[in-house]
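K.L.:
Using full-length UniProt numbering, the letters of the sequence shown map in sequence onto residues 1 to 383. Where is the CB? At the ideal position from N, CA and C, for every residue including glycine.
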Amino acid sequence: MKVIYICLIRLVSLICFFKKKQNVIYIMSFDNNLGLIKSMARKMPKDKTLYVYYESSNEAAATDLAAYGIKTVQFQEGLKLIMDLIPKIMASNVVFCDNYFPFMGGIVKSKKLKVVQLWHANGAIKKFGWQDPSTKDRSNSDKRRFQKVYNSFDEYVVASETMGHVFEESYHVSFDKMQMMGYPRSDRLFKDKWLQIARRRVYSFAPQLKDKRVILYAPTYRDDGQSFNPPKGLIKALSNDENAMVVIKLHPLLRDIESKLQEETKCPNVLFCNQLSTTDLLAVTDTLVTDYSSVAFDYSLLPNAHSLLFFMFDIEKYKQKPGLQENLLNWLPTNPIKTLDELKLAISENKKIDFTNFNNHWNKYNDGFATTRVIDKYIKTLK
1 MKVIYICLIR LVSLICFFKK KQNVIYIMSF DNNLGLIKSM ARKMPKDKTL YVYYESSNEA
61 AATDLAAYGI KTVQFQEGLK LIMDLIPKIM ASNVVFCDNY FPFMGGIVKS KKLKVVQLWH
121 ANGAIKKFGW QDPSTKDRSN SDKRRFQKVY NSFDEYVVAS ETMGHVFEES YHVSFDKMQM
181 MGYPRSDRLF KDKWLQIARR RVYSFAPQLK DKRVILYAPT YRDDGQSFNP PKGLIKALSN
241 DENAMVVIKL HPLLRDIESK LQEETKCPNV LFCNQLSTTD LLAVTDTLVT DYSSVAFDYS
301 LLPNAHSLLF FMFDIEKYKQ KPGLQENLLN WLPTNPIKTL DELKLAISEN KKIDFTNFNN
361 HWNKYNDGFA TTRVIDKYIK TLK
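1. Give the DSSP-derived three-state secondary structure of residue 249 in the structure shown.
2. Sort 58, 72, 20 by Cα distance to residue 48 and report the nearest one.
3. Please go through the same chain and pick out, in chain order, the residues whose beta-carbon is closer than 7 Å to the beta-carbon of residue 351, but skip the five residues on each side of it.
4. Should residue 283 and residue 157 be called a contact, given that it needs their Cβ atoms to be closer than 8 Å?
5. Within its chain, find whatever has a CB closer than 8 Å to the CB of residue 373; leave out the 5 residues flanking it on each side and keep chain order.
6. Flag this pair as touching only if the region 88-95 and the region 256-264 have three or more C-beta atom pairs under 8 Å; answer yes or no.
7. Quick check: what's the CA-CA separation for residue 376 versus residue 44?
8. Taking all protein chains shown into account, do 16 or more other C-beta atoms lie within 10 angstroms of the C-beta of residue 233, making it buried, or fewer, making it exposed?
9. Answer yes or no: do residue 122 and residue 66 have a C-beta to C-beta separation smaller than 8 Å?
10. On a Cα-Cα basis, can you pick out the residue from 314, 59, 55 that is closest to residue 78?
11. For the pair the region 240-252 and the region 305-320, tell me if three or more CB-CB distances fall below 8 Å.
12. Which residues in the same chain as residue 149 place their Cβ atom closer than 8 Å to its Cβ, once the five residues preceding and following it in sequence are excluded?
13. Quick check on the burial criterion: 16 or more other C-beta atoms within 10 angstroms. Buried or exposed for residue 164?
14. Just how far apart, CA to CA, sit residue 184 and residue 26?
15. Return the first residue and the last residue of the beta strand (DSSP E) that residue 173 is part of.
16. Within the same chain, show all residues whose beta-carbon is closer than 8 Å to that of residue 50, passing over the 5 residues directly before and after it, in chain order.
17. Determine the contact status of residue 309 and residue 289, defining contact as a CB-CB distance below 8 Å.
Here it is in structure tokens:
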């Protein structure tokens with residue numbers, strides 16, 4: 001079925017090959033680039049139309065963009081995608097993607113069409129693509145299909161040479177495709193106005209966090225067959241500083257685990273915050289506790305970033321699947337924490353972290369002006 005699906009995409013793209021180029025498309029699986037999309041809409045040439053195709057999980061973001069006057073369309077893999085999105089893509093000058101989209105591997109592209117990868121994270125701790133150990137067990141046809149998707153991206157916007165090399169190795173593409181421009185999604189982290197608004201949202205929902213040391217626990221979501229089973233006693237370890245407030249922020253699909261953790265604690269200084277976004281919570285966080293999540297790369301850019309702890313209790317298992325980036329210990333700002341006793345000690349010591357080397361490694365081109373550079377390169381030059 002996958003082969004037939006890709007063949008249909010190829011056929012429709014060939015039929016539409018010579019369509020007049022009059023669109024710009026953003027294919028959205030994450031809602032963290034709304035500022036860029038709105039800026040594109042403002043700068044769009046009058047003879048061009050911006051379309052945002054979004055996954056169902058981004059309904060709220062799409063509603064926001066639609067209210068701004070941007071054409072939004074929900075998409076999902078299937079016949080509708082083939083008959084609607086593929087012709088739109090073939091009539092486009094630029095297509096922005098923020099993730100891996102399998103259907104892109106079937107498109108026969110015109111030289112006038114440029115596909116740009118705007119990845120959804122500033123850096124990478126875990127492996128993906130060809131670096132993922134499980135890839136070697138896939139069939140040859142699967143591997144060829146993967147590579148066609150990787151090859152469909154003409155350029156990759158990145159925030160560092162380090163991330164450029166990660167794509168080079170993970171996707172087997174030329175480093176020449178890497179554009180050292182910084183991620184537009186990170187621009188807001190440099191804006192005082194955004195920080196003030198984010199803090200206002202958080203304090204409105206949780207006023208008890210104000211004037212407190214906030215410890216945020218935000219682990220990655222396992223979508224690779226790994227189960228998330230935090231050790232018993234985790235909440236007690238996180239709340240080792242009785243003068244601090246601990247905020248637990250788990251992925252919505254981990255509600256069962258969250259319920260388990262809630263049953264485990266009766267501490268008045270522990271708060272579960274599903275209603276608030278992780279990015280907003282970072283704006284009030286003094287100590288971030290995470291594991292393999294890219295949230296660490298965002299947090300390190302904030303002026304309030306004090307300490308960053310990597311609680312990797314399952315690191316040996318995680319090294320096997322999906323795997324960790326090479327030389328991890330050389331660039332992590334703090335050593336991985338494997339036990340609850342180590343976590344308690346680190347929270348109690350509350351050592352301030354110097355993020356200079358870490359940010360030079362991963363956030364080199366994130367300076368608050370990435371949106372301007374992307375607009376100048378891909379939108380203002382349209383004819």
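P.N.:
Quick look at the numbers:
1. Here residue 249 sits in coil by DSSP.
2. Looking at the Cα atoms, 20 is the closest of the given residues.
3. Excluding positions up to five away in sequence, the list reads 307.
4. Against a cut-off of 8 Å, the Cβ pair of residue 157 and residue 283 comes out as no contact.
5. Taken in chain order, the residues that qualify are 181, 182.
6. Because the criterion of three Cβ pairs below 8 Å is not met, the region 88-95 and the region 256-264 do not touch.
7. Their backbone Cα atoms lie some 11 Å apart in a straight line.
8. Exposed.
9. The answer is no: Cβ separation not under 8 Å.
10. Comparing alpha-carbon positions, the option among 314, 59, 55 lying closest to residue 78 turns out to be 55.
11. With a cut-off of 8 Å, the region 305-320 and the region 240-252 do not count as touching, because too few Cβ pairs lie within range.
12. For residue 149, where only same-chain residues beyond five positions count, the Cβ hits under 8 Å are 100, 101, 102, 104, 105.
13. By the C-beta density criterion, residue 164 is buried, having at least 16 other C-beta atoms within 10 angstroms.
14. Straight-line Cα distance between these residues: approximately 13 Å.
15. Boundaries for residue 173: no beta strand (DSSP E) harbours it, and the DSSP string shows neither H nor E there.
16. For residue 50, the CB contacts under 8 Å within the same chain, skipping 5 residues up- and downstream, are 23, 24, 25, 26, 37, 40, 41, 44, 70, 71 in chain order.
17. By the CB criterion at 8 Å, residue 309 and residue 289 fall inside the cutoff.
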